[in-house]
Amino acid sequence: MDHSVKCASHDNTSFFCLLTTMPLAADQRGGGFPEIKIMLRIQSPALIPLPLLAPLTMVVCALFSGSALAGPGDVFTPYVGIVVSHDDNLFRLSGPEEALLRLGTSSLSDTYRRLNVGLAIDKQISQQRITANLGLNRTAYNRFTQLDNDGKDLQVNLNWHLGTHVEGNIGTTYVESLTPFSDLRATTERNLRTQKRLFADGAWRFHPSWQVRGSVAQDKLNYALASQRGFNRDLNTEVVGIDYLSPTKSSVGIQAGHSSASYLSSINNYSQNELKGKIDWYATGKSRLQFLGGYVERKHDGAPERDYSGTNARVVATHALTGKIGLTANVYREIGSIDDLINSYSLNNGVSLEAAWEISPKTRLAAQLLNERRSYAPNAALVGQGGADREDTYRRASLIGNYAATRKWSLLLIAYRDQQTSNQTFGNYRATGLSLNSRYDF
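Here the sequence shown stands for residues 686 to 1127, numbered as in the numbering used here.
In structure tokens form, the structure reads like this:
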């Protein structure tokens, strides 16, 4: 295949890239291949500064124009995919009674289709590696057509190296999608959510057995629905740490972190400080144990009664039973933000298990179980209104099958069962779903 790329700017906010693909040889049976042209428009979201996005986009286009991109190891891969899903409780409602109240119908189920098109990029330049995904999607529902939406998924990362002892990543992501109703059950309307992220991290191995590392990130979360814009937030995070590295690949370290979040309503703004230990232990050639945990303190502006201090930790254990069967277990206790009219955060205690079986080089089967208990703290503006007593238990069981039909065509099948029990009115629900994803890489 012979490829060429042409890029141009437009109105100082976006760039257009035109990929032209011309086969080197005609198909003697079909009389030849047509020229294929793909137009991509990369728009600069508010979080991604144009001075950063513009040069990055032009550099990527310049790198691939005139490159030999055919065959295994392509660096420039257009793709298309379709997802067909059915869910018997799309809005995560407690039952027909709540459905009648919110929807005017007792039916909870729907089937929807999502068309994905995009471009994946993977380019090695000496020690540096650029990866990117530029994706667009369109989702259409059979019954609840008011939820039909267009989505976007932009990811760009530069894995950089300075010599043999300093390396890191710098990148950005931009995702626009429908808010999952399991995350925000206060509404059954179409509520698009935009997530933007800028990040950079680096590590310096100043001694064969020691390294220092650090990272910074800026996250923005915005909702399109006017009734949910109070949940819009900006989050800034900084982490620094030092690790001891053993000759067996194991490591142990310590890290300090700080984060600050600002909301539309400043009373829910908070700052968080944490000090954690970090362990990565290769117990045997088949077993690995990872730990990150320590002390976390969160303080809310103007609402000290909502402050939190205590331990947060996560343990991840992996073990290869055989060369084709692996087990993974997670146990955690973590504080997290939540988008809810009444609660400002939750303390989550959970455990998850996964068993994966590589049946063949083309086929993989995995089973997953999750159990999580969530204890909520009320929104600072609603202290004393009963939210402090809310407790939820969330369970999920899923079966995932992957099949690589050819080198370019793959299938993914997911079956799942969700269940939540709560001490709040309309807090319980059950949902069962099935999703088939087919993707073709050109």
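For every residue, glycine included, the Cβ atom is placed at its ideal position computed from N, Cα and C.
The structure displayed is predicted, hence computed values, not measured ones.
Residue i by DSSP, collapsed to three states: which one?
| i | result |
| --- | --- |
| L1121 | strand |
| L1032 | strand |
| P1046 | coil |
| E923 | strand |
| Q831 | helix |
| S956 | strand |
| Q840 | strand |
| A968 | coil |
| R914 | helix |
| L1092 | Here the sequence assigns Arg to residue 1092, which means Leu is not the residue at that position. Here R1092 sits in coil by DSSP. |
| Q1109 | coil |
| R991 | helix |
| S951 | helix |
| D1103 | strand |
| V1068 | Its pLDDT being 49, under 50, V1068 is placed unreliably in this model, and the value from its coordinates should be taken loosely. Coil, per DSSP. |
| D986 | coil |
Roughly how many angstroms lie between the CA atoms of residue i and residue j, to the nearest whole one?
| i | j | result |
| --- | --- | --- |
| V760 | P989 | 52 Å |
| E1057 | V937 | 28 Å |
| G899 | G853 | 9 Å |
| D1103 | P893 | 47 Å |
| Y1061 | T1013 | 28 Å |
| G1132 | F884 | Because the chain in this structure spans residues 686 to 1127, residue 1132 falls outside the shown range and cannot be described. |
| W1094 | S1123 | 7 Å |
| S1107 | E1076 | 6 Å |
| Q903 | K881 | 8 Å |
| L1054 | I1085 | 12 Å |
| S956 | S944 | 6 Å |
| R999 | G1021 | 13 Å |
| L821 | D833 | 14 Å |
| S811 | H850 | 15 Å |
| Q1105 | R1059 | 10 Å |
| D807 | T762 | 9 Å |
| K1009 | E1039 | 14 Å |
| K961 | R983 | 14 Å |
| G979 | N997 | 6 Å |
| K837 | S931 | 42 Å |
Using CA coordinates, which residue listed in the options is at the minimum distance from residue i?
| i | options | result |
| --- | --- | --- |
| T969 | H985, T933, N997 | T933 |
| D772 | A1116, Y1125, N921, D1126 | A1116 |
| N842 | N1122, N954, Q813 | Q813 |
| D928 | A946, F891, L920, S947 | F891 |
| N876 | Y1114, T922, F776 | F776 |
| S862 | N827, L960, N907 | N907 |
| Y1191 | G915, N958, I964, R828 | What is shown of the chain runs 686 to 1127, which leaves residue 1191 out entirely. |
| G803 | S994, D833, Q840, G942 | Q840 |
| L800 | T824, L788, L793, L819 | T824 |
Report, in whole angstroms, the separation of the C-beta atoms of residue i and residue j, which I expect to be a contact under 8 Å.
| i | j | result |
| --- | --- | --- |
| R878 | T857 | No, R878 and T857 are not in contact; Cβ-Cβ is about 17 Å, not under 8 Å. |
| S1144 | L785 | Given a span of 686 to 1127 for the chain in the structure shown, any question on residue 1144 remains unanswerable. |
| G1131 | Y1125 | This structure gives no information on residue 1131, because the portion of the chain shown stretches from 686 to 1127. |
Next item on the list: Pick out the complete beta strand (DSSP E) segments inside the stretch 757-818, 3 residues or longer, and give them in chain order.
Entry: As summarised for the stretch 757-818, the continuous beta strand (DSSP E) elements at least 3 residues long and confined to that stretch are 761-772, 795-810, given in chain order.
Note to self: Ignoring anything shorter than 3 residues, give me the beta strand (DSSP E) runs that lie fully in the stretch 868-903, in order along the chain.
What the structure shows: As summarised for the stretch 868-903, the continuous beta strand (DSSP E) elements at least 3 residues long and confined to that stretch are 877-892, given in chain order.
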